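By numbering that gives the first Met the number 0, the letter at position 341 of the sequence shown is numbered 340, and the numbering carries on one by one without gaps.
See below for the structure under consideration.
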Amino acid sequence: MDFNVALFELLLLVSALVAMLVRRLHMPYSVGLVIAGISLSYMASSRFPVIPLNQDFIYNVLLPPLIFEAAFHMRWTEVRKDFVVVQTLAIVGVLLSTGITAAGMHFLLHWEWISGLLFGTLIAATDPVSILATFREAGVVGRFRHLVEAESLFNDGTAAAGFRIVLAFVVGTHVGLIDVLRISGTVLLGSVFCGWLIGNVVLSLLHRTDDHLVEIAFAMIAAYGSFLLADNLQLSGVLATLVAGLVMGRLNAINPMTKRGREAVEAVLEYTVFAANSFIFLFIGIQQARREYDTVWASIGIAVVVVMLARAVAVYPCCMLFSRSSLRIDVRHQHVLFWGGLRGALALALAMGLPPGVPRREEIVTVCFAVVAFSIFIQGTTMTALLRRLRIVQRNGGGSQ
Numbered sequence: 000m001d002f003n004v005a006l007f008e009l010l011l012l013v014s015a016l017v018a019m020l021v022r023r024l025h026m027p028y029s030v031g032l033v034i035a036g037i038s039l040s041y042m043a044s045s046r047f048p049v050i051p052l053n054q055d056f057i058y059n060v061l062l063p064p065l066i067f068e069a070a071f072h073m074r075w076t077e078v079r080k081d082f083v084v085v086q087t088l089a090i091v092g093v094l095l096s097t098g099i100t101a102a103g104m105h106f107l108l109h110w111e112w113i114s115g116l117l118f119g120t121l122i123a124a125t126d127p128v129s130i131l132a133t134f135r136e137a138g139v140v141g142r143f144r145h146l147v148e149a150e151s152l153f154n155d156g157t158a159a160a161g162f163r164i165v166l167a168f169v170v171g172t173h174v175g176l177i178d179v180l181r182i183s184g185t186v187l188l189g190s191v192f193c194g195w196l197i198g199n200v201v202l203s204l205l206h207r208t209d210d211h212l213v214e215i216a217f218a219m220i221a222a223y224g225s226f227l228l229a230d231n232l233q234l235s236g237v238l239a240t241l242v243a244g245l246v247m248g249r250l251n252a253i254n255p256m257t258k259r260g261r262e263a264v265e266a267v268l269e270y271t272v273f274a275a276n277s278f279i280f281l282f283i284g285i286q287q288a289r290r291e292y293d294t295v296w297a298s299i300g301i302a303v304v305v306v307m308l309a310r311a312v313a314v315y316p317c318c319m320l321f322s323r324s325s326l327r328i329d330v331r332h333q334h335v336l337f338w339g340g341l342r343g344a345l346a347l348a349l350a351m352g353l354p355p356g357v358p359r360r361e362e363i364v365t366v367c368f369a370v371v372a373f374s375i376f377i378q379g380t381t382m383t384a385l386l387r388r389l390r391i392v393q394r395n396g397g398g399s400q
């Protein structure tokens with residue numbers, strides 16, 4: 000990837016201007032950026048024919064801080080109360096979603112099973128950015144907000160690990176049940192261990208410094224180090240970074256990070272996430288304008304319906320398991336969990352990283368972009384209205400727990 004400083008500055012300028020504009024228009028930031036990306040593509044295609052945001056850049060550079068920041072800020076004392084619910088949604092829900100999506104694409108569009116499974120796992124990954132931004136603006140607080148945040152984060156970890164497992168069968172010769180269990184166990188346990196190891200090594204180093212600049216450096220090392228270690232071992236970098244973020248953040252009861260250091264790390268992570276999300280959503284807009292959809296409209300329409308159905312099956316039956324317990328989830332909140340399952344950066348990064356030999360690779364990537372666009376433009380823009388319709392928030396912006 001050729002690094003173009005002028006283009007980098009342009010994208011950063013556009014991101015800042017869009018952030019200012021959408022606040023005035025009360026529009027989701029992600030929607031504004033995608034529209035800006037589409038506009039950029041049409042206005043500047045001859046000047047900037049190649050946008051330097053490929054799969055490697057998104058997956059290895061932009062994605063780790065997004066995952067790490069979300070895990071680092073997770074309020075573990077709140078989340079652990081609903082840990083069983085979160086893990087049920089993130090594990091059982093993702094498995095159900097993957098299976099239904101794969102079956103739908105196989106029987107309705109005659110995709111190969113392996114193509115359907117790859118698409119099912121990558122599209123099961125949800126993006127909390129837009130929904131949590133809407134929650135902040137609407138004033139949604141309390142248990143439900145923590146539940147949505149945790150479900151989306153652990154969902155990403157499960158989906159990414161599942162994708163790595165399915166991909167192992169594409170490039171290898173593993174076909175038996177024993178092989179499935181062995182690879183699954185290796186990927187899951189190995190990824191968790193990588194994140195735990197890097198997180199604890201960095202924590203031990205933090206005991207030896209009170210310099211906030213060094214603490215920032217160590218935090219970034221934990222984010223990228225855990226990701227790269229797991230990825231190079233053919234494990235899940237996303238799951239490893241998630242664990243490292245939890246270890247570095249609020250999960251550790253005796254965190255050696257100084258108050259000034261934590262504030263500095265949080266500020267740097269906040270800006271890094273802003274920049275990463277900005278580039279990703281601009282990239283989505285630019286790619287939407289340049290992709291050819293003429294031959295896959297039927298596939299896109301069916302995929303959107305199948306993905307939404309799969310999300311419904313992943314949410315409602317799992318929540319029903321807790322309907323008679325103290326962990327019961329309000330039906331209104333279940334509706335928001337279903338409609339708030341937006342797709343974004345991780346799904347795109349996984350799709351673009353498919354090996355060339357995967358059956359229907361280009362169709363999978365194109366359909367993935369279309370499903371992401373649907374979730375951003377349709378689900379993202381109607382979330383506030385849904386929150387008001389369900390009376391989770393009031394029209395004046397007052398929040399609810």
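Just so you know, even glycine gets a beta-carbon here, dropped at the ideal spot from N, CA and C.
Keep in mind the model is a prediction, meaning the values are calculated, not measured.
In this structure, the CA atom of Leu32 is about 12 Å from the CA atom of Ala372. Apart from sequence neighbours up to five positions away, the residues of its chain that approach His334 with a beta-carbon distance below 8 Å are Leu385 and Leu389, ordered along the chain. With contacts defined as CB atoms closer than 9 Å, Ser40 and Ala288 qualify as a contacting pair. Nearest neighbour of Arg331 by Cα position, chosen from Cys318, Leu341, Ser324 and Arg342, turns out to be Cys318. Cβ-Cβ distances below 7 Å link Val295 to Glu362, Thr365 and Val366 in the same chain, with the five nearest sequence neighbours on each side left out; the list follows chain order. For the pair Ile197 and Gly224, the CB atoms are nearer than the 9 Å cut-off. Three or more beta-carbon pairs separated by less than 8 Å link the segment 189-209 to the segment 225-240, which places the two stretches in contact. Contact between the segment 14-22 and the segment 271-282 is present, with at least three C-beta pairs closer than 8 Å.
In the displayed model, His145 falls within a helix according to three-state DSSP.
Note on geometry: alpha-carbon atoms of Gly115 and Leu228 lie some 29 Å from one another. In the DSSP assignment, Tyr223 falls within the alpha helix (DSSP H) that extends over His211 to Asn231. Less than 9 Å separates the beta-carbon of Gly339 from that of Ile130.
In the structure shown, the three-state DSSP call for Gly339 is coil. Secondary structure note for Pro358: it is in no alpha helix (DSSP H), with a DSSP letter that is neither H nor E. In this structure the segment 77-95 lies against the segment 143-152, because at least three pairs of beta carbons, one per stretch, are closer than 8 Å.
When C-alpha distances from Ile220 are compared across Val200, Gly260 and Leu9, the shortest belongs to Val200. Asp230 sits close to Asn59, with the two beta carbons spaced by under 9 Å.
Rounded to whole angstroms, the separation of the alpha carbons of Arg323 and Gly352 is 42 Å. Taking 9 Å as the cut-off, the beta carbon of Gly189 is found closer than this to the beta carbon of Leu232. The beta carbon of Val304 is closer than 6 Å to none in its chain, skipping five residues each way along the sequence. The C-alpha of His25 lies about 11 Å from the C-alpha of Ala132.
DSSP places Val303 inside the alpha helix (DSSP H), whose first and last residues are Trp296 to Met319. Excluding its 5 nearest sequence neighbours in each direction, Val30 has C-beta neighbours in its own chain below 7 Å: Ile375, Phe376, Gly379 and Thr380, listed in chain order. Ile391 and Leu117 have their C-alpha atoms spaced approximately 35 Å apart.
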